[in-house]
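Chemist: Please read through the structure below; I'll follow up with questions.
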Amino acid sequence: AGVIDMPIGRSPSDRKKMAVVDEGGREALTAYYVIDTFPPFQYIRLKLGTGRTHQIRVHLSRVSHPVLGDPVYGGAKARRGGLSGKAAARADRALAMIDRQALHAEELSFTHPTKGELVVFKAPLPDDFRAVLDFLKTV
6 AGVIDMPIGR SPSDRKKMAV VDEGGREALT AYYVIDTFPP FQYIRLKLGT GRTHQIRVHL
66 SRVSHPVLGD PVYGGAKARR GGLSGKAAAR ADRALAMIDR QALHAEELSF THPTKGELVV
126 FKAPLPDDFR AVLDFLKTV
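So for the sequence shown, this note's numbering puts the first residue at 6; every next one is plus one.
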């Protein structure tokens with residue numbers, strides 16, 4: 006568990022991407038907690054302290070834990086984060102099952118702009134995501 010506290014701004018090398026930057030970025034805080042580990046993968050819970058564009062993907066990539074299936078922030082082998090061998094085969098199988106980034110917003114909340122009340126939306130884990138977790142638990 007911990008907090009990633011790194012400012013985020015436009016990538017100086019690719020204006021279509023965001024990046025952790027030394028100058029000109031905005032504060033970005035992402036708290037994380039490891040729920041389970043399936044070497045070399047981890048299932049984590051995140052709580053955003055800020056809401057920057059691509060914040061989760063940028064922060065996790067920066068600390069060398071890119072989101073499974075992230076084609077933009079996943080590194081040289083974007084779909085599987087640079088894995089090789091047995092781990093790459095597991096990632097390929099998991100990606101075939103989910104065919105997207107392995108991200109899910111379980112809960113979103115914000116203060117309603119006109120009523121001033123807290124609004125909360127919750128969503129259960131989708132079937133494809135649950136199937137990937139079940140697969141990783143068995144191999």
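The C-beta atom is built at its ideal place from N, Cα and C for all residues, glycine as well.
(1) What does DSSP give as the partner residue(s) for residue 53 in the beta ladder?
(2) In the DSSP assignment, find the unbroken alpha helix (DSSP H) run with residue 132 in it and report its ends.
(3) Kindly give me the distance between the Cβ atoms of residue 95 and residue 39, rounded to whole angstroms, as I take these residues to be in contact under 8 Å.
(4) If you reduce the DSSP assignment to three classes, tell me which class residue 127 lands in.
(5) Could you pull out every residue in the same chain whose Cβ sits closer than 6 Å to the Cβ of residue 70, ignoring the five residues on either side in sequence?
(6) When DSSP labels each residue in this structure, what does residue 13 get in the three-state scheme?
(7) Counting only the same chain and skipping the five closest in sequence on each side, list residues whose C-beta sits under 7 Å from that of residue 29.
(8) Report the option in 11, 10, 25 whose CA atom is closest to the CA atom of residue 17.
(9) Where DSSP assigns a beta bridge to residue 116, which residues make up the other side?
(10) Start and end of the beta strand (DSSP E) containing residue 24?
(11) Could you please give me the residues that DSSP links to residue 42 through a beta bridge?
(12) Could you spell out where the alpha helix (DSSP H) holding residue 100 opens and where it closes?
(13) With H, G and I counted as helix, E and B as strand and the rest as coil, what does DSSP make of residue 63?
Modeler: So, from the data block:
(1) Translated into the one-based positions of the sequence shown, residue 53 becomes position 48. Partner(s): 35.
(2) To locate residue 132, count along the sequence shown from 1; it is residue 127. Per DSSP, residue 132 belongs to the alpha helix (DSSP H) from 132-143.
(3) By 1-based counting over the sequence shown, the position of residue 95 is 90. By 1-based counting over the sequence shown, the position of residue 39 is 34. Rounded, the Cβ-Cβ distance is 18 Å, inconsistent with contact.
(4) In the sequence shown, counting from the first residue as 1, residue 127 sits at position 122. The answer is strand: DSSP assigns residue 127 an E or B state.
(5) Stepping through the sequence shown from its first residue, residue 70 is reached at position 65. Nothing meets the Cβ criterion.
(6) For this step, residue 13 is matched to residue 8 along the sequence shown. It is a strand residue.
(7) The residue labelled residue 29 in the question sits at position 24 within the sequence shown. Cβ within range, chain order: 14.
(8) Your numbering for residue 17 matches position 12 in the sequence shown. Comparing Cα positions, the closest option is 25.
(9) The count along the sequence shown starts at 1 and reaches residue 116 at position 111. Its beta-bridge partners are 123.
(10) As a first step, residue 24 must be located in the sequence shown, where it is residue number 19. From DSSP, the beta strand (DSSP E) with residue 24 extends over 23-25.
(11) As a working note, residue 42 is residue 37 in the sequence shown. BP columns for residue 42 point to 47.
(12) Counting from one through the sequence shown, the residue named residue 100 turns up at place 95. First-last of the alpha helix (DSSP H) with residue 100: 90-103.
(13) Here residue 63 corresponds to residue number 58 of the sequence shown, with the count starting at 1. Residue 63: helix per DSSP, three-state reduction.
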